[in-house]
Amino acid sequence: MEEDEILAQFKAETSTSANSKIFYAFSSLAVASVPLAIYLTIFSMSFSESFLIFFLVTLASAGALAYGYNNVATAVKSKLSHTRQGSITKAKAKKIKGKIEEQRQKQKEITESEATSLSILYNNLFFLMLVVIFAFYLVRSLPSTLNYIIAVGGSAACVSFLSTVQ
Amino acid sequence: MFKFLLLLSVFLTVTFCSSRPNLLVHKAVLTKPIVVDSNVTIALHVFNLGTKTAYDIVLEDKNIPETWEHQLGLQTITWDQLAPGENFTHVYVVKPTTPGIYDILPATISYREDPSKPEVRVGYSSSYPKSKVWHAGEVDRRGKSYLKEWALFVLFSGVSMLVPGFVYTQIQLNYEDGIPKRA
Numbered sequence: 000m001e002e003d004e005i006l007a008q009f010k011a012e013t014s015t016s017a018n019s020k021i022f023y024a025f026s027s028l029a030v031a032s033v034p035l036a037i038y039l040t041i042f043s044m045s046f047s048e049s050f051l052i053f054f055l056v057t058l059a060s061a062g063a064l065a066y067g068y069n070n071v072a073t074a075v076k077s078k079l080s081h082t083r084q085g086s087i088t089k090a091k092a093k094k095i096k097g098k099i100e101e102q103r104q105k106q107k108e109i110t111e112s113e114a115t116s117l118s119i120l121y122n123n124l125f126f127l128m129l130v131v132i133f134a135f136y137l138v139r140s141l142p143s144t145l146n147y148i149i150a151v152g153g154s155a156a157c158v159s160f161l162s163t164v165q
Numbered sequence: 000m001f002k003f004l005l006l007l008s009v010f011l012t013v014t015f016c017s018s019r020p021n022l023l024v025h026k027a028v029l030t031k032p033i034v035v036d037s038n039v040t041i042a043l044h045v046f047n048l049g050t051k052t053a054y055d056i057v058l059e060d061k062n063i064p065e066t067w068e069h070q071l072g073l074q075t076i077t078w079d080q081l082a083p084g085e086n087f088t089h090v091y092v093v094k095p096t097t098p099g100i101y102d103i104l105p106a107t108i109s110y111r112e113d114p115s116k117p118e119v120r121v122g123y124s125s126s127y128p129k130s131k132v133w134h135a136g137e138v139d140r141r142g143k144s145y146l147k148e149w150a151l152f153v154l155f156s157g158v159s160m161l162v163p164g165f166v167y168t169q170i171q172l173n174y175e176d177g178i179p180k181r182a
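The listed protein sequences correspond, in order, to chains A and B. 157 is the number that numbering that gives the first Met the number 0 gives to position 158 of the first sequence; each next residue is one higher, with no gaps. 132 is the number that numbering that gives the first Met the number 0 gives to position 133 of the second sequence; each next residue is one higher, with no gaps.
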């Protein structure tokens with residue numbers, strides 16, 4: 000039974016709620032679209048001519064970013080859960096005026112929110128920094144279309160790859 | 000400019016020691032920077048640095064890169080004679096169609112020292128190795144500051160980080176280890 004408990008706990012720590020998944024999807028799509036502001040203005044790319052490339056690269060980058068969010072959030076959540084294990088004792092629960100199980104559930108929700116927000120903040124900052132470095136330094140001499148694909152796609156790929164590193 | 004002056008000084012030295020015509024051709028790309036699908040003006044300055052007149056001058060410049068299209072002006076011209084100390088300039092226009100790095104090769108000049116004799120002297124102009132043809136818009140991009148565009152990008156980036164940052168800060172302020180601070 001102890002093994003079942005450990006397995007259940009591991010599953011709880013590594014699973015992602017439906018709300019978090021929806022939040023990841025919207026957030027990653029929004030952030031993957033931010034570099035368009037640079038490419039439509041500074042790089043003078045035409046939206047109508049490059050629509051297909053914008054659509055495909057944004058979608059692929061959003062997918063990679065969402066994967067990165069999930070990995071980092073899971074790692075942070077797992078770390079926080081371990082440190083917060085047993086922090087709700089009977090005495091504390093009495094003080095907060097509620098049942099232990101309710102308080103633990105609430106604590107899990109807060110931990111998940113904390114991990115999700117930190118993951119999104121960290122990955123967004125990393126992604127946008129990489130886009131600027133790629134676009135204006137590493138691949139600046141390439142044509143705009145190739146520059147966009149490598150800068151945005153490459154940055155998202157780097158973020159998702161580095162999110163798997165423990 | 001330094002290259003041209005050096006060439007000029009060498010030829011001046013040579014001409015003082017010989018009595019013959021000496022034609023120096025300086026090829027200059029007048030349009031800078033060179034941008035794809037924009038006209039480029041090429042000038043050929045011919046100087047007679049010798050002490051005698053040069054006759055039956057033929058100036059030919061067909062050594063332009065393959066992807067550059069000829070627009071205006073002749074690439075081969077003839078001149079009857081050029082007296083010592085005289086010079087002339089010929090200009091023509093081309094248009095590069097693809098970006099990249101190109102070698103603009105020298106033009107060829109041939110002339111006679113004596114119009115009655117068949118011997119022809121051949122010379123070459125200066126060249127422009129490794130000339131860059133820029134993408135359209137790339138030159139503009141290098142010069143502009145794009146403050147408004149950067150401000151827009153920073154605004155969108157800020158919003159994408161502000162929202163999760165606000166949520167995280169609120170949790171840190173109101174909770175400790177996932178438990179409300181104010182019980």
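Every residue gets a Cβ at the ideal spot worked out from N, C-alpha and C, and that includes glycine. Since the structure is predicted, the reported quantities are computational estimates derived from the model, not experimental observations.
Residues within the segment 68-87 of chain A neighbouring chain B, beta-carbon criterion of under 8 Å
Leu79, Thr82, Arg83, Ser86 and Ile87
Is the segment 66-80 of chain A touching the segment 155-170 of chain B in the sense that three or more CB pairs, one from each, lie closer than 8 Å?
no
Hey, out of B:Ala27, B:Met0, B:Thr52 and B:Val28, whose CA is closest to B:Glu112's CA?
What you label residue 112 of chain B is simply residue 113 of the second sequence in a count that begins at 1. Considering only alpha carbons, the answer is B:Thr52.
Under the three-state DSSP convention, the category A:Thr115 falls into
Translated into the one-based positions of the first sequence, residue 115 of chain A becomes position 116. In this structure, A:Thr115 counts as helix in the three-state DSSP scheme.
Give a yes or no on whether 7 Å exceeds the smallest Cβ distance from B:Ser156 to chain A.
As a position in the second sequence, residue 156 of chain B is number 157, starting the count at 1. Yes, because at least one Cβ of chain A sits closer than 7 Å to the Cβ of B:Ser156.
Output the residue ranges of the beta strand (DSSP E) runs that lie fully inside the segment 98-182 of chain B and measure 3 residues or longer, sorted by chain position.
99-103, 107-111, 120-123 and 127-133
Would you identify the three-state DSSP class for B:Asn62, choosing helix, strand or coil?
As a working note, residue 62 of chain B is residue 63 in the second sequence. Coil, per DSSP.
Give me the Cα-Cα distance between B:Ser124 and B:His134, rounded to the nearest whole angstrom.
Indexing the second sequence from 1 puts residue 124 of chain B at position 125. Indexing the second sequence from 1 puts residue 134 of chain B at position 135. When rounded, the distance between both Cα atoms is 28 Å.
Just the chain B side, please: which residues come within less than 9 Å of A:Asn123 by C-beta, in chain order?
Counted from its first residue, the first sequence places residue 123 of chain A at position 124. Annotation: Cβ neighbours of A:Asn123 in chain B (cutoff 9 Å, chain order): Ser156, Ser159, Met160 and Pro163.
Please name the residue, chosen from B:Pro105, B:His89 and B:Ile56, that lies closest to B:Thr77 on a Cα-to-Cα basis.
On the second sequence, residue 77 of chain B is found 78 positions in, with the first residue counted as 1. Closest option to B:Thr77, Cα to Cα, is B:Ile56.
Own chain partners of A:Glu111 with C-beta closer than 7 Å, once the 5 adjacent residues on each side are dropped:
As a position in the first sequence, residue 111 of chain A is number 112, starting the count at 1. Cβ neighbours of A:Glu111 beyond the five flanking positions: Ser16, Ser19 and Lys76.
Option nearest B:Val35 by Cα separation, candidates B:Ile108, B:Lys61, B:His89 and B:Pro98
As a position in the second sequence, residue 35 of chain B is number 36, starting the count at 1. With distances taken between Cα atoms, B:Val35 lies closest to B:Pro98.
Please classify B:Asn21 as buried or exposed, where buried requires at least 16 neighbouring CB atoms within 10 angstroms.
For the purposes of this step, residue 21 of chain B is identified with residue 22 of the second sequence, where counting begins at 1. With 16 or more Cβ atoms within 10 Å of its Cβ, B:Asn21 is classed as buried.
Just list the beta strand (DSSP E) runs in the segment 29-53 of chain B, keeping only unbroken ones of 3 residues or longer that don't cross its boundaries, in chain order.
If we require 3 residues or more, the beta strand (DSSP E) runs fully inside the segment 29-53 of chain B come out as 39-47.
B:Lys61 versus B:Gln74: straight-line alpha-carbon distance, rounded
Reading the second sequence from its first residue, position 62 is the one you call residue 61 of chain B. Reading the second sequence from its first residue, position 75 is the one you call residue 74 of chain B. The C-alpha of B:Gln74 is placed about 6 Å away from the C-alpha of B:Lys61.
In the DSSP assignment, find the alpha helix (DSSP H) that holds A:Phe50 and state where it starts and stops.
Within the first sequence, residue 50 of chain A is the residue found at index 51, counting from 1. Element bounds for A:Phe50: Phe50 to Arg83.
Name the residue from A:Ser154, A:Ile109 and A:Leu141 whose alpha carbon lies nearest to the alpha carbon of A:Met128.
Numbered from its first residue, the first sequence carries residue 128 of chain A at position 129. Checking every option, the nearest Cα to that of A:Met128 belongs to A:Ser154.
Starting from B:Gly177, find everything on chain A with Cβ-Cβ shorter than 7 Å and list it in chain order.
For this step, residue 177 of chain B is matched to residue 178 along the second sequence. Residues of chain A passing the Cβ test: Arg83, Gln106, Ile109 and Thr110.
DSSP on A:Thr15, reduced to helix/strand/coil?
Locating residue 15 of chain A in the first sequence gives position 16, where the first residue counts as 1. Coil, per DSSP.
Chain-ordered neighbours of B:Tyr167 on chain A, where CB pairs are closer than 8 Å
Within the second sequence, the letter at position 168 stands for residue 167 of chain B. Simply Glu113, Ser116, Leu117 and Leu120.
Is A:Phe133 near the ligand HEM, with its Cβ less than 6 Å from a heavy atom?
Only the bare structure without any ligand can be found here, which leaves the ligand HEM out of the picture.
I'd like to know if A:Ala36 contacts chain B, where contact means its C-beta is closer than 7 Å to some C-beta of that chain.
As a first step, residue 36 of chain A is located in the first sequence; it is residue number 37 there, counting from the start. Output row for A:Ala36: interface = yes.
I'd like to know whether the C-beta of A:Leu127 is nearer than 7 Å to at least one C-beta of chain B.
As a working note, residue 127 of chain A is residue 128 in the first sequence. Closer than 7 Å: yes.
Give me, in chain order, the residues of the same chain whose beta-carbon lies closer than 6 Å to that of B:Val121; leave out the 5 immediate sequence neighbours on both sides.
Start at 1 with the first residue of the second sequence, and residue 121 of chain B comes out as number 122. Cβ within range, chain order: Ser109.
Give the interface partners of A:Ala29 over in chain B, defined as CB-CB distance under 7 Å, in chain order.
The residue labelled residue 29 of chain A in the question sits at position 30 within the first sequence. The answer, in chain order, is Ser159.
What do you get for B:Val24, buried or exposed, if any count of 16 or more other CB atoms within 10 angstroms of its CB means buried?
For the purposes of this step, residue 24 of chain B is taken as the residue at position 25 of the second sequence. With 16 or more Cβ atoms within 10 Å of its Cβ, B:Val24 is classed as buried.
In DSSP terms, what B:Thr75 is bridged to
Locating residue 75 of chain B in the second sequence gives position 76, where the first residue counts as 1. B:Glu59.
Which same chain residues, not among the five before or five after B:Tyr91, have their C-beta less than 7 Å away from its C-beta?
If you number the second sequence from 1, residue 91 of chain B lands on position 92. Excluding positions up to five away in sequence, the list reads Ile41, Leu71, Gly72, Leu73 and Gln74.
Could you check the C-alpha separation between B:Thr96 and B:Trp67 for me, to the nearest Å?
If you number the second sequence from 1, residue 96 of chain B lands on position 97. If you number the second sequence from 1, residue 67 of chain B lands on position 68. The straight-line gap from Cα to Cα measures roughly 6 Å.
Give a yes or no on whether the minimum CB-CB distance between B:Ile100 and chain A is below 7 Å.
Taking the second sequence and counting its residues from 1, the one referred to as residue 100 of chain B is at position 101. Closer than 7 Å: no.
Pop quiz: A:Ile37 and B:Phe152 are said to be a contact at Cβ under 8 Å. What is the actual Cβ separation, rounded to whole angstroms?
Here residue 37 of chain A corresponds to residue number 38 of the first sequence, with the count starting at 1. Here residue 152 of chain B corresponds to residue number 153 of the second sequence, with the count starting at 1. About 6 Å; that satisfies the 8 Å criterion.
Could you round the C-beta distance between A:Ile148 and A:Ile41 to whole angstroms and report it? I think they count as a contact, below 8 Å.
For this step, residue 148 of chain A is matched to residue 149 along the first sequence. For this step, residue 41 of chain A is matched to residue 42 along the first sequence. The distance from the Cβ of A:Ile148 to that of A:Ile41 is about 16 Å, inconsistent with a contact at the 8 Å cut-off.
Taking the alpha-carbon positions, what's the A:Val56 to A:Glu101 distance?
Residue 56 of chain A sits at position 57 when you count from the first residue of the first sequence. Residue 101 of chain A sits at position 102 when you count from the first residue of the first sequence. Rounded to the nearest angstrom, the two C-alpha atoms are 43 Å apart.
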